Structure formats: C-alpha cells, structure tokens
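Taking mature numbering (1 follows the signal peptide of the UniProt record, and there is no 0), I'd label the letters of the sequence shown as residues -21 to -1, 1 to 285.
Backbone N, C-alpha and C fix where the C-beta goes; we use that ideal spot for every residue, glycine too.
No experiment lies behind these values; they were computed from the predicted model shown.
Reviewing the structure listed below.
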Amino acid sequence: MAASMLFAPWGALRLVGPALCSRRLPWGVWVHARLLPGPAETRRSVAAASGAGGPGTAGYCLELLRFKPFLQVKDSVSEKTIGLMRMQFWRKTVEDIYCDNPPHQPVAIELWKAVRRHSLTKRWLMKIIDEREKNLDDKAYRNIQELENYAENTQSCLLYLTLEILGIKDLHADHAASHIGKAQGIVTCLRAAPYHGSRRKVFLPMDICMLHGVSQEDFLRKNQDKNVRDVIYDIASQAHLHIKHARSFHKSVPVKAFPAFLQTVFLEDYLKKIQRVDFDIFHPSLQQKNTLLPLSLYIQSWRKRY
C-alpha cells in the first residue's frame, strides 16, 4: 500500500501553501516528568543531596529521567565497540539487580530500589537494552514498521514500566501505552533529523523516501522540495494516527494512568508546529521552545485527559 494512502487519515490537517537535535532532553520530557508522582523519601533524599536550598523537586525529576542511561549510550559513544561494552554492563547490572546484588553505582542502586518497591518486570528493561544494542549500527530504518518496532521496544517499554510504578495493570492502558510509545519514537526520529543531518547521517524510513524519490543526500543538503516534505508528512501522519488510536481508549483507561500518558501533549505540539510550516523539517521555528507547554500539560492533567 502506498504511504500516501496508508497515512490518509491525517490528510485533512495538511496545510496548503508554502528537536531532539542535541543530546539534551526535550523541553516537553522535562516538564512532563515534573507531573509524575514519586515517593516522598526519594524526594527528600535528592533534596538533601542537593544541599541547602537545592532544587529538590527539580533534582527528583532529573533522577527520574536518569533512569534511562541505556537509552543515551548511542549518543555518548563514537565507536560501536564501546557502545557494546556499555550495553553489556547494563545487561549484567539488570541481571544483578534481580538477584538482589546491584553494583555500587548510583543509578543501579536507585533502579534496584524501584524494582523492589514496584516489582518491575525484568523483560521490559531487557527489551530496551537489547533494542538499543541492535540500534548501535547507525543504519537507516528500512521501513516505517522497523521504526515502530524500535519505538515499541524502547519508548513503549518505558511506559509499561511507568504504569507498573503507578500500580496499574490494565489491558486498555497497555494498548494506549503501545501506541503512545510508537508515536514518541516516530516524533523523536523527526525531531532528530536536522541534528543527525549535521553529522552526515539520515535515519528516516527508506521505504517512504524511495516512494517519493527522495535520497539521503536531499536531507543532508536540507532540500525543501515538495517530495521531501511529502516524506515528512507521511511519517508525521503515522505518529498522529498512533496518538489518535491511543486516545480512542480514553474512556476505558484508568484515570490513575493518565499522568504516564501526558507526553501526548508535547508530541501533538510538535506535530502541529510541523504542520504549520508545511512539513519543512528544517524550519527554524521547530527549534524554538514552546513556553506555554507547561500550561497545556497542566490543563490536560486538570481535565483528566491525555
């Protein structure tokens, strides 16, 4: 099936007319983390470690985000061998954690505490590590399904773990988490495209590029032709569909799970911004921070929506 037909449900949103682009965490991820609940004793310990007057809440949110060390290995190493060594370290660390013998490493110890407190499923952690290890090859995704599979085994698995921390075991919540994780993986791939391009790399799905007659060189040269924007449109449309599917479970998902899904707010924010610039992935406005994002997140949280 042609990509333009596959992603047709978003067709009406396309305008007529004319990031994760660094190793820093996206603004939306940071703001979302501040809305996640956490144990009081962890907040106190982080605040104490920050010293007098230290940003306890901010520090706690950072610690939540630092539970993703193996998600950032690829961006922090220049050689595959080093990346493989780090992945092996985290694989052994997770094995030791579930044997109640964590290494004396701050993140490992906190993860061990979380595993004991919430009975986190080992399979989700191992899937993240395994998928990240396979992704060290720095190859473009062959098709959109391969990108979705990567997102399912990384971002969705993180959401499954978040649901377990919130004490939620619900099939509808799991289905929503699967779609939101895939949407986040696709949006992250889009947001990172300019950054990767600056490093002479392109990871966008090859099948969609070939469908529209676009080469990797077109992205490296920041080509803004219609066929290049058609590629971005098709990929963004798939992310939009996943968010739409996730929200279709809204009435069946326990309200307690909604804080885990608030990232749909900043995912949708990016998709709307890229729509406004007619899917020009290199438009400067896409790199600007949305200062109203915290308010949008608060409103969605208050309305008990995601």
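Less than 7 Å between the C-beta atoms of residue i and residue j, yes or no?
{"i": "Asn132", "j": "Pro184", "result": "no"}
{"i": "Val73", "j": "Leu104", "result": "yes"}
{"i": "Gln279", "j": "Leu241", "result": "yes"}
{"i": "Gln203", "j": "Asp257", "result": "no"}
{"i": "Ile108", "j": "Met66", "result": "yes"}
{"i": "Gly164", "j": "Ala119", "result": "no"}
{"i": "His151", "j": "Ser231", "result": "yes"}
{"i": "Pro166", "j": "Tyr249", "result": "Sequence check: residue 166 is Val here, not Pro. It is a contact, given that the beta carbons lie within the stated cut-off."}
{"i": "Ala239", "j": "Leu140", "result": "no"}
In three-state terms, what does DSSP make of residue i?
{"i": "Thr100", "result": "coil"}
{"i": "Phe237", "result": "helix"}
{"i": "Glu58", "result": "coil"}
{"i": "Cys188", "result": "helix"}
{"i": "Ala119", "result": "coil"}
{"i": "Leu(-7)", "result": "Bear in mind that a pLDDT of 35 at Leu(-7), under 50, signals an unreliable position, so the model cannot answer this."}
{"i": "Pro173", "result": "helix"}
{"i": "Arg178", "result": "coil"}
{"i": "Val193", "result": "coil"}
{"i": "Gln266", "result": "helix"}
{"i": "Tyr212", "result": "helix"}
{"i": "Pro63", "result": "It is worth fixing the name first, because residue 63 is Leu in this sequence and not Pro. Helix."}
{"i": "Tyr139", "result": "helix"}
{"i": "His151", "result": "helix"}
{"i": "Lys260", "result": "Sequence check: residue 260 is Ile here, not Lys. Note: Ile260 maps to coil in three-state DSSP."}
{"i": "Lys92", "result": "helix"}
{"i": "Asn80", "result": "coil"}
{"i": "Arg200", "result": "coil"}
{"i": "Lys283", "result": "coil"}
{"i": "Val232", "result": "coil"}
Note down the Cα distance separating residue i from residue j, rounded to an integer number of angstroms.
{"i": "Pro233", "j": "Glu58", "result": "44 Å"}
{"i": "Gln134", "j": "Arg102", "result": "14 Å"}
{"i": "Phe182", "j": "Glu247", "result": "21 Å"}
{"i": "Gln254", "j": "Gln266", "result": "14 Å"}
{"i": "His97", "j": "Trp91", "result": "10 Å"}
{"i": "Ala218", "j": "Ser227", "result": "14 Å"}
{"i": "Trp281", "j": "Pro273", "result": "12 Å"}
{"i": "Tyr174", "j": "Ile187", "result": "20 Å"}
{"i": "Pro81", "j": "Asn206", "result": "51 Å"}
Could you check which residue in the options has the C-alpha nearest to that of residue i?
{"i": "Lys148", "options": "Lys235, Gln254, Gln279 and Ala119", "result": "Lys235"}
{"i": "Cys78", "options": "Arg95, Ala156, Leu63 and Met66", "result": "Arg95"}
{"i": "Ser216", "options": "Ala162, Leu150 and Ser157", "result": "Ala162"}
{"i": "Leu169", "options": "Ile144, Asp204, Val210 and Asp75", "result": "Val210"}
{"i": "Leu276", "options": "Lys252, Ile165 and Phe237", "result": "Phe237"}
{"i": "Leu115", "options": "Lys205, Met64 and Pro263", "result": "Met64"}
{"i": "Arg179", "options": "Val166, Arg200 and Leu271", "result": "Arg200"}
{"i": "Gly160", "options": "Ile144, Leu138, Lys71 and Ala172", "result": "Leu138"}
Does the Cβ of residue i lie closer than 6 Å to at least one heavy atom of the ligand NAD?
{"i": "Glu58", "result": "Looking for the ligand NAD in the displayed structure turns up nothing, as the structure carries no ligands at all."}
Does the count of Cβ pairs from the segment 214 to 230 and the segment 134 to 145 closer than 8 Å reach three? Counting C-beta pairs with one atom in each stretch, the segment 214 to 230 and the segment 134 to 145 have fewer than three that are closer than 8 Å, which means they do not touch.
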